[in-house]
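As numbered in my numbering, residues 27 to 581 make up the sequence shown, in order. Every residue, glycine too, gets a C-beta built ideally from N, C-alpha and C.
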Amino acid sequence: MSTEIHSNSQPWWKTATGYQIYPRSFCDSNSDGIGDLKGIVSKLDHLKDLGIGFVWLSPVYASPMRDNGYDISNYRDIASEFGTLDDFQELIVAAKDRGIRIVMDLVVNHCSDEHEWFRKASASTDCAEHEYFYWRAQNEDGGPPDDQRAEFGGPAWIWVEAVGKYYYGHFGPQQPDLNWQNPELRQEVYDMMNWWLDMGIGGFRMDVIDLIGKDLDARCYAEGPYLHGFIKEMHQNCLAGRDVLTVGETWSARPHTALNYCGADRHELDMVFNFNHVEAAWDPVNGRFGQNCFDLVRHKSILNDWQIALAHDGWNSLYLSNHDLPRPVSTFGDDTTYRKRSAKMLALTMHLMKGTPYVYQGEEIGMTNANFTSLEQFRDIETFGQYREQTEAGVPFDAFLAGANVNGRDNARTPMQWDGSEFAGFSDVTPWIDVNDNAHEINVVMDREDANGVFEFYHRMIQLRKDLPLVTKGSFRLLCPDDPQVFAYLRELDDQQMLVVGNFTSDAAELDAPELSGLSGKVLLSNIEGRMDNLEMPAKLAPYEAFAWLQNPEG
Ligand code: ISL
Ligand code: CA
Numbered sequence: 027m028s029t030e031i032h033s034n035s036q037p038w039w040k041t042a043t044g045y046q047i048y049p050r051s052f053c054d055s056n057s058d059g060i061g062d063l064k065g066i067v068s069k070l071d072h073l074k075d076l077g078i079g080f081v082w083l084s085p086v087y088a089s090p091m092r093d094n095g096y097d098i099s100n101y102r103d104i105a106s107e108f109g110t111l112d113d114f115q116e117l118i119v120a121a122k123d124r125g126i127r128i129v130m131d132l133v134v135n136h137c138s139d140e141h142e143w144f145r146k147a148s149a150s151t152d153c154a155e156h157e158y159f160y161w162r163a164q165n166e167d168g169g170p171p172d173d174q175r176a177e178f179g180g181p182a183w184i185w186v187e188a189v190g191k192y193y194y195g196h197f198g199p200q201q202p203d204l205n206w207q208n209p210e211l212r213q214e215v216y217d218m219m220n221w222w223l224d225m226g227i228g229g230f231r232m233d234v235i236d237l238i239g240k241d242l243d244a245r246c247y248a249e250g251p252y253l254h255g256f257i258k259e260m261h262q263n264c265l266a267g268r269d270v271l272t273v274g275e276t277w278s279a280r281p282h283t284a285l286n287y288c289g290a291d292r293h294e295l296d297m298v299f300n301f302n303h304v305e306a307a308w309d310p311v312n313g314r315f316g317q318n319c320f321d322l323v324r325h326k327s328i329l330n331d332w333q334i335a336l337a338h339d340g341w342n343s344l345y346l347s348n349h350d351l352p353r354p355v356s357t358f359g360d361d362t363t364y365r366k367r368s369a370k371m372l373a374l375t376m377h378l379m380k381g382t383p384y385v386y387q388g389e390e391i392g393m394t395n396a397n398f399t400s401l402e403q404f405r406d407i408e409t410f411g412q413y414r415e416q417t418e419a420g421v422p423f424d425a426f427l428a429g430a431n432v433n434g435r436d437n438a439r440t441p442m443q444w445d446g447s448e449f450a451g452f453s454d455v456t457p458w459i460d461v462n463d464n465a466h467e468i469n470v471v472m473d474r475e476d477a478n479g480v481f482e483f484y485h486r487m488i489q490l491r492k493d494l495p496l497v498t499k500g501s502f503r504l505l506c507p508d509d510p511q512v513f514a515y516l517r518e519l520d521d522q523q524m525l526v527v528g529n530f531t532s533d534a535a536e537l538d539a540p541e542l543s544g545l546s547g548k549v550l551l552s553n554i555e556g557r558m559d560n561l562e563m564p565a566k567l568a569p570y571e572a573f574a575w576l577q578n579p580e581g
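Structure, rendered in structure tokens:
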């Protein structure tokens with residue numbers, strides 16, 4: 027029986043829970059060590075059992091895979107190692123049968139240097155495609171127009187002898203930026219988007235979309251002057267009138283700019299990914315490859331600001347992890363003694379805020395960081411860029427390794443741990459990247475056999491969102507903002523109140539919310555044994571304890 031896909035009063039993406047798949051690392055169906063589309067199809071029941079409503083699929087387009095698909099060489103084809111267009115259509119249908127939509131990754135700030143557009147553009151100035159990229163002449167001393175560095179290391183301006191000019195690659199030479207100033211380029215992108223939308227996809231996650239409005243001469247990159255004009259135009263050309271989800275990846279968005287993307291009157295996007303809480307855990311001196319500097323008070327304050335900014339208009343995305351970030355249980359929780367309990371605590375406090383939650387593959391069983399020990403184990407282009415820059419700057423290898431193990435992107439990219447077999451049930455040959463050493467004790471089979479497993483907790487939590495309109499619609503009020511241990515908030519709708527509490531530490535803690543003392547209600551979900559329905563204030567909390575409690579359950 028197919029699951030109901032429409033909800034009558036609200037857009038489906040407000041009541042659904044998303045699940046991100048990084049295809050290369052999810053499931054390998056043909057024993058080449060690389061995850062693929064047929065592998066995803068074979069695991070759809072896992073997602074259905076979890077209760078998710080849509081998949082955000084990281085790029086599966088044709089690509090030389092310098093950045094694992096975030097460098098696209100053909101926007102209308104599937105990478106051969108992932109399968110074929112037929113496999114993709116089969117995935118859409120098989121997912122739909124299970125009430126799941128497939129949201130594609132839209133990577134149009136840049137393409138691959140192997141895209142036909144760039145091949146032509148870099149061979150001659152005398153073709154339409156030349157204008158699809160940003161070109162600049164040498165400056166007076168023969169050098170590049172400016173000293174901008176690429177995200178993955180090296181200069182962002184790259185010389186091409188054949189045309190006697192530099193092109194701009196924000197991420198690196200193999201990812202030339204597309205010139206959004208050019209109307210024909212924009213039309214190519216819109217046609218391509220419509221082609222996928224007509225095929226029946228559920229929407230788009232838009233890669234670094236805040237960069238497309240850049241003004242290179244002003245050296246203005248993120249949220250540039252042309253940004254919202256372009257997104258509006260995209261909306262008119264592709265999205266208006268379609269029942270799809272759009273979410274922008276926007277590192278530069280702040281609570282006061284978020285409505286520029288997702289306010290109802292804007293006709294741009296449904297929501298954006300906010301990274302403020304992610305960046306707040308980075309080392310202020312040594313940056314992302316320094317130490318983990320997580321601070322709960324700041325974390326709460328950031329999330330609260332976003333909840334307030336989008337309380338009445340716009341919509342939040344709720345997440346702690348993706349394919350670029352370390353595993354949340356390692357960054358924000360405890361990945362040893364309290365691994366399961368803290369994984370559940372992090373999930374509960376995140377998912378029950380107002381917005382659409384996203385689960386990243388493996389998070390639902392509490393997968394941990396990779397803890398690689400040698401350079402040979404890494405695969406990520408960004409990590410190698412860091413390695414070169416740090417080595418040149420004289421940083422010792424051990425310090426680089428420590429940083430990569432704290433925040434490197436490969437932490438999230440080790441193969442999905444399906445079972446305790448040699449390659450974790452991901453593949454039956456050596457995978458493209460090492461399986462985490464802990465796969466024999468952290469895997470889907472073992473976790474799902476455990477009534478107290480992380481998966482079962484996620485399943486119940488996701489079900490709560492479907493059962494209780496309050497979870498989607500209720501207002502949000504942060505409690506005890508200055509408490510360094512406890513994250514607690516109230517959600518309210520009509521005469522119902524839900525309290526959500528999480529202890530972010532391995533010490534006992536206390537919540538004092540006198541206004542709730544003595545009220546009758548019931549515990550909806552808890553990650554420890556014995557949490558009682560009646561709330562006595564102050565409430566004592568065990569290490570990493572979390573619960574959701576509903577006052578006036580009949581309301
Ligand atoms: O993870 C990061 C934090 O600094 C950056 O490395 C990352 O480049 C940034 O998050 C933008 O990410 C997106 O675009 C990149 C791609 O490598 C990432 O995987 C993608 O999510 C370029 O397409
Ligand atoms: Ca494969």
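Using the three-state DSSP reduction, which class does residue 275 fall into: helix, strand or coil?
If DSSP states are grouped into helix, strand and coil, residue 275 belongs with the strands.
Which of the three DSSP states is assigned to residue 341 in this structure?
Three-state DSSP puts residue 341 in coil, outside helix and strand.
On the three-pair Cβ rule with 8 Å, is the stretch 433-452 touching the stretch 39-58?
A contact exists between the stretch 433-452 and the stretch 39-58.
State the Cα-Cα distance for the pair residue 222 and residue 486, rounded to the nearest angstrom.
Cα-Cα distance, rounded: 33 Å.
So for residue 545, helix, strand or coil by DSSP?
Coil, per DSSP.
Please determine whether the Cβ atom of residue 413 lies at a distance below 6 Å from any heavy atom of ligand 1.
Residue 413: no, Cβ never under 6 Å from ligand 1.
DSSP state of residue 164, grouped into three classes?
Coil.
Just mark residue 334 as buried or exposed, buried being the case when its beta carbon has 16 or more other beta carbons within 10 Å.
Per the 10 Å Cβ criterion, exposed.
So, residue 231 versus residue 355, is the Cβ gap smaller than 7 Å?
No. Outside cutoff.
Taking the alpha-carbon positions, what's the residue 101 to residue 87 distance?
Distance between the alpha carbons of residue 101 and residue 87: 6 Å.
So is residue 233 buried or exposed if we call it buried at 16+ other beta carbons inside 10 Å?
Under this definition residue 233 is a buried residue.
What are the complete alpha helix (DSSP H) segments, minimum 4 residues, inside the stretch 495-552?
DSSP runs (the alpha helix (DSSP H)) wholly in the stretch 495-552: 495-499.
Would you report the Cα separation of residue 152 and residue 179, rounded to the nearest angstrom?
Residue 152 and residue 179: Cα-Cα distance of roughly 31 Å.
Would you identify the three-state DSSP class for residue 231, choosing helix, strand or coil?
DSSP places residue 231 in strand when its eight states are reduced to three.
Starting from residue 209, follow the alpha helix (DSSP H) in both directions and report where the run begins and ends.
Start and end: 209-224.
To the nearest angstrom, report how far apart residue 138 and residue 297 are at their CA atoms.
The straight-line gap from Cα to Cα measures roughly 27 Å.
On the three-state DSSP scale, how would you describe residue 313?
If DSSP states are grouped into helix, strand and coil, residue 313 belongs with the strands.
Skipping 5 residues on each side, what residues in its chain have a beta carbon closer than 6 Å to that of residue 577?
Excluding residues within five positions, the ones whose Cβ falls inside 6 Å are 523, 545 and 547.
Measuring only the C-alpha atoms, how far is residue 143 from residue 337?
Roughly 43 Å separates the two Cα atoms.
Tell me whether residue 44 is buried or exposed, calling it buried when 16 or more other Cβ atoms sit within 10 Å of its Cβ.
Per the 10 Å Cβ criterion, buried.
Nearest-angstrom Cα distance between residue 167 and residue 173?
Each residue's alpha carbon lies about 13 Å from the other.
What number of angstroms, rounded off, separates the C-alpha of residue 27 from the C-alpha of residue 64?
Unreliable positioning characterises residue 27 in this predicted model, as indicated by a pLDDT of 33, which lies under 50. A coordinate reading is not provided.
At a cut-off of 6 Å, is residue 233 close to ligand 1 when judged by its beta-carbon and the heavy atoms of the ligand?
Answer for residue 233: yes, Cβ within range of ligand 1.
My guess is that residue 277 and residue 331 are in contact by the Cβ rule of under 8 Å, so how many angstroms apart are they, rounded?
The pair is not a contact, with the Cβ atoms about 16 Å apart (cut-off 8 Å).
Taking 7 Å as the CB-CB cut-off, is residue 558 touching chain D?
No chain D is present in this structure, which holds just one protein chain.
Would you tell me roughly how many angstroms separate the C-alpha atoms of residue 477 and residue 311, rounded to the nearest one?
Going from the Cα of residue 477 to the Cα of residue 311 covers about 43 Å.
Who are the Cβ neighbours of residue 149 in its own chain at under 8 Å, not counting the five residues just before and after it?
Contacts found: 188 and 189.
I need the straight-line Cα distance from residue 381 to residue 39, nearest angstrom please.
Near 9 Å, if we compare the C-alpha coordinates of residue 39 and residue 381.
Taking Cβ to Cβ, would you say residue 349 is nearer than 7 Å to residue 48?
Contact flag set, yes.
Would a C-beta distance cut-off of 7 Å place residue 140 and residue 90 closer than the cut-off?
Going by C-beta atoms, residue 140 is nearer than 7 Å to residue 90.
Residues in the same chain with beta-carbon distance under 8 Å from residue 532, minus the five sequence neighbours each way, listed in chain order, please.
So the qualifying residues of the chain are 360, 363, 364, 569 and 570.
Are the beta-carbon atoms belonging to residue 228 and residue 271 less than 7 Å from one another?
Their beta carbons are under 7 Å apart, which means residue 228 touches residue 271 by this criterion.
Would the stretch 401-409 count as touching the stretch 428-437 if we require 3 or more Cβ pairs under 8 Å?
At 8 Å Cβ cutoff, the stretches touch.
Leaving aside the five residues before and after residue 317 along the sequence, list all residues of the same chain whose C-beta is less than 6 Å from its C-beta, in chain order.
Around residue 317: 309.
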